[in-house]
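This report refers to the structure that appears directly beneath it.
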Amino acid sequence: MDQLAVAYRNATSEDELERTAHEMQQIIHDSGVYIPGYMTEFSRVACWRWLRWPDSDFTEFSPPKVYVPMESYVYWVDGGMKRETLEAKRSGGSFPEVQEVKSRYQIKAEARKGKDE
Numbered sequence: 001m002d003q004l005a006v007a008y009r010n011a012t013s014e015d016e017l018e019r020t021a022h023e024m025q026q027i028i029h030d031s032g033v034y035i036p037g038y039m040t041e042f043s044r045v046a047c048w049r050w051l052r053w054p055d056s057d058f059t060e061f062s063p064p065k066v067y068v069p070m071e072s073y074v075y076w077v078d079g080g081m082k083r084e085t086l087e088a089k090r091s092g093g094s095f096p097e098v099q100e101v102k103s104r105y106q107i108k109a110e111a112r113k114g115k116d117e
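Residues 1 to 117 (the working numbering) are what the sequence shown spells out, left to right.
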């Protein structure tokens, strides 16, 4: 693979580049390489309270808030809530913490029976 990587880097024609890339891809495919990424069973989202997202059965075209919410591009700024929040911030007020648990896509663990059950 190292020799192919050097050949790819030093290729002088598109044909050589393509042939070398295909050889490298075939080696990767044949070896069944899998590189796991970092994964957690949860995600956390924090934002100003005036950012709002649709989260209903009527907006199925929009991913639910359990994904990266800014990537849905279906959010808006609630002007009244923003003014209220900034005024409370200036006057030393606060709002209660909000914790929403979304379990729509939660993977449910199946109960496993032992051999004696």
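Backbone N, C-alpha and C fix where the C-beta goes; we use that ideal spot for every residue, glycine too.
These numbers were taken from a predicted model, which means no experiment stands behind them.
| request: Enumerate in chain order the residues of its own chain whose CB-to-CB distance from R49 is below 8 Å, with the five nearest sequence positions on each side excluded. | output: Closer than 8 Å at Cβ, skipping near neighbours: M81, T85, F95 and V98.
| query | Taking all protein chains shown into account, do 16 or more other C-beta atoms lie within 10 angstroms of the C-beta of R52, making it buried, or fewer, making it exposed? | reply | By the neighbour-count rule (16 or more Cβ atoms within 10 Å), R52 is not buried but exposed.
| field | For V6, three-class secondary structure by DSSP | value | If DSSP states are grouped into helix, strand and coil, V6 belongs with the helices.
| field | Boundaries (first-last residue) of the alpha helix (DSSP H) holding D30 | value | Counting along the chain, the unbroken alpha helix (DSSP H) around D30 starts and ends at E14 to S31.
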